[in-house]
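A short write-up of the structure that comes next.
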Amino acid sequence: MSMPLAHFPSSPVFRPEDFITPVLKAIPPSGIRRFFDLVSSTKGVISLGVGEPDFVTPWHIREACVYSLEKGFTMYTSNWGLPELRQEICRYTEDRYGVRYSPQDEVLVTIGASEAVDLALRSVLGPGDEVLIPEPSYVSYKPCVLMAGGQPVSIRTTMDNGFKLKPEQLERAITSRSKVLMLCYPNNPTGATMNREELEEVSRVVERHNLLVISDEIYSELTYNGGHTCFSSLPGMRERTILINGFSKSFAMTGWRIGYVMGNTALIGAMTKIHQYTILCAPVMGQMAAVEALRRGAAEREKMVNQYNQRRRLVLARLREMGLSCFEPKGAFYVFPSIEVTGMASEEFAEKLLHEELVAVVPGSAFGEAGEGHIRLSYASSVSQLTEALNRMERFVDRHRQ
Numbered sequence: 070m071s072m073p074l075a076h077f078p079s080s081p082v083f084r085p086e087d088f089i090t091p092v093l094k095a096i097p098p099s100g101i102r103r104f105f106d107l108v109s110s111t112k113g114v115i116s117l118g119v120g121e122p123d124f125v126t127p128w129h130i131r132e133a134c135v136y137s138l139e140k141g142f143t144m145y146t147s148n149w150g151l152p153e154l155r156q157e158i159c160r161y162t163e164d165r166y167g168v169r170y171s172p173q174d175e176v177l178v179t180i181g182a183s184e185a186v187d188l189a190l191r192s193v194l195g196p197g198d199e200v201l202i203p204e205p206s207y208v209s210y211k212p213c214v215l216m217a218g219g220q221p222v223s224i225r226t227t228m229d230n231g232f233k234l235k236p237e238q239l240e241r242a243i244t245s246r247s248k249v250l251m252l253c254y255p256n257n258p259t260g261a262t263m264n265r266e267e268l269e270e271v272s273r274v275v276e277r278h279n280l281l282v283i284s285d286e287i288y289s290e291l292t293y294n295g296g297h298t299c300f301s302s303l304p305g306m307r308e309r310t311i312l313i314n315g316f317s318k319s320f321a322m323t324g325w326r327i328g329y330v331m332g333n334t335a336l337i338g339a340m341t342k343i344h345q346y347t348i349l350c351a352p353v354m355g356q357m358a359a360v361e362a363l364r365r366g367a368a369e370r371e372k373m374v375n376q377y378n379q380r381r382r383l384v385l386a387r388l389r390e391m392g393l394s395c396f397e398p399k400g401a402f403y404v405f406p407s408i409e410v411t412g413m414a415s416e417e418f419a420e421k422l423l424h425e426e427l428v429a430v431v432p433g434s435a436f437g438e439a440g441e442g443h444i445r446l447s448y449a450s451s452v453s454q455l456t457e458a459l460n461r462m463e464r465f466v467d468r469h470r471q
């Protein structure tokens with residue numbers, strides 16, 4: 070005889086959110102992405118929030134992709150990436166920055182620099198390992214550390230010291246659990262750079278405390294008033310540095326999603342193991358385009374850098390004219406002015422500016438607590454758009470000045 074249905078225990082209620090890991094639940098959505106969503110739903114907005122070149126990828130680079138399709142290059146590549154691309158990356162890095170890597174086992178082609186950051190952190194972090202992050206910092210660093218099981222430790226930099234990491238600050242932040250130093254110079258969001266002597270001072274602390282360095286140098290080609298120093302080119306730093314770079318910023322190839330990571334054979338091998346199980350390889354058409362960019366893209370890259378520099382000077386001068394104190398950025402394509410004269414928090418400033426004057430910027434708080442009291446503007450827009458946006462911002466600041 071069957072048991073009456075009423076006697077069976079009731080099934081537990083299925084709640085999809087209960088299956089999400091606590092770590093992921095605790096990570097807030099990107100502060101940048103929320104403002105992008107607001108922009109997309111508002112007509113007439115001039116956006117200075119997107120960290121993306123306004124230039125189209127040069128035609129000869131696009132043509133290389135078209136040619137690869139016409140010739141039927143639509144297959145998988147090696148997990149490591151096309152051999153000719155790895156060779157060009159190594160040649161470029163040695164020519165530009167004086168540090169040599171093997172194309173066979175010391176370079177991995179990734180889905181943008183963002184995948185490289187994720188692979189690097191997942192390859193080296195164990196539960197509770199600390200990653201030292203100078204702030205303000207790129208929005209993905211802290212979440213990626215947490216998702217890899219590590220613990221982010223913020224090191225506050227300020228406009229007074231040029232948003233540079235000082236060796237004494239690093240020394241104070243180090244504990245017995247410190248394992249990785251995350252560097253990003255030229256910096257997003259501040260545009261700060263560090264010269265060779267300043268980086269050497271940091272490197273001595275790194276060596277003394279046996280730290281690994283993940284150096285995100287995606288903005289390395291976008292420097293003004295001085296060249297870029299590759300961290301792994303410093304004495305003793307090659308073997309303890311994971312060098313990350315890509316094509317998005319320097320060659321206007323954001324949507325192509327081609328990046329790369331270079332380093333010691335053991336470290337790159339570990340990253341490749343994750344990459345081969347989760348991604349397999351970067352798209353072959355984008356890799357073919359990247360080969361062309363490295364071989365014949367220098368002239369267009371320099372033209373873009375020169376135009377960014379002109380825009381940088383325009384934006385910096387206008388911000389100072391309207392009474393917003395602003396550190397002079399020496400790299401990337403961002404300015405990070407103080408909004409202290411308005412008395413507003415950065416998120417309030419950004420929201421009101423968007424609603425009142427239809428100009429989108431990113432609140433400094435999106436880049437960590439050290440970014441509060443600032444906003445990030447990208448000058449990767451045309452001069453006409455920048456001028457109009459700055460006119461609107463000036464009206465806004467005049468109305469709200471305290």
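For the sequence shown, the working numbering assigns the number 70 to the initial residue and increments by one for each residue that follows. Beta carbons are placed, not taken as given, at the ideal position from N, Cα and C, and that holds for glycine. No experiment lies behind these values; they were computed from the predicted model shown.
Just to check my reading of the structure: residue i and residue j have Cβ atoms closer than 8 Å, yes? What is that Cβ distance to the nearest angstrom?
i      : j      : result
Thr179 : Ala358 : Not really, about 15 Å apart at Cβ, beyond 8 Å.
Val466 : Met391 : 5 Å
Met340 : Ala189 : 6 Å
Thr126 : Ala321 : 5 Å
Gln356 : Ile327 : 6 Å
Leu201 : Val222 : 5 Å
His404 : Gly260 : With the sequence shown as reference, residue 404 is identified as Val, and His is not the correct amino acid for it. Sure, about 6 Å apart at Cβ, within 8 Å.
Pro255 : Ala386 : Incorrect: roughly 20 Å between the Cβ atoms, too far for contact.
Ala133 : Val430 : Going by Cβ atoms, the distance from Ala133 to Val430 rounds to 36 Å, so no, they are not a contact pair.
Mind checking residue i: buried by the 16 CB within 10 Å criterion, or exposed?
i      : result
Tyr329 : buried
Asp229 : exposed
Phe83  : exposed
Lys342 : exposed
Leu138 : exposed
Asp187 : buried
Glu368 : A small fix is needed here, since residue 368 is Ala in this sequence, not Glu. So Ala368 ends up on the exposed side.
Gln379 : exposed
Val452 : exposed
Ile348 : exposed
Leu252 : buried
Gly141 : exposed
Arg155 : buried
Ile89  : exposed
Asn279 : exposed
Under three-state DSSP, which class holds residue i?
i      : result
Thr334 : helix
Thr292 : strand
Met322 : coil
Tyr210 : helix
Thr456 : helix
Val168 : coil
Asn148 : coil
Asp123 : coil
His278 : coil
Ser137 : helix
Pro85  : helix
Ile158 : helix
Ala401 : coil
Glu463 : helix
Pro304 : coil
Asp285 : strand
Glu199 : strand
Leu446 : strand
Pro205 : coil
Leu312 : strand
Val430 : coil
Comparing alpha-carbon positions, which option in the options lies nearest residue i?
i      : options                        : result
Ser450 : Val119, Met144, His469         : Val119
Leu151 : Tyr166, Asp174, Arg165         : Asp174
Thr298 : Tyr166, Val135, Val249, Arg307 : Tyr166
Ser284 : Met331, Val428, Val135, Val92  : Met331
Tyr145 : Leu388, Met354, Phe396         : Met354
Phe124 : Leu423, Glu425, Glu463, Gln376 : Gln376
Tyr288 : Ser319, Arg309, Gly295, Leu280 : Ser319
Asp164 : Leu363, Pro212, Tyr448, Arg470 : Leu363
Ala419 : Gly437, Gly442, Lys399, Lys233 : Gly442
**Request:** Identify every run of the alpha helix (DSSP H) within the stretch 334–365, keeping only runs that are complete inside it and at least 4 residues long; order them along the chain.
**Result:** Segments of the alpha helix (DSSP H) lying fully in the stretch 334–365: 334–347, 353–365.
**Request:** Could you pull out every unbroken beta strand (DSSP E) segment of at least 3 residues lying fully inside the stretch 215–265, listed in chain order?
**Result:** Counting only unbroken stretches of 3 or more residues, the beta strand (DSSP E) elements lying wholly within the stretch 215–265 are 220–225, 247–252, in sequence order.
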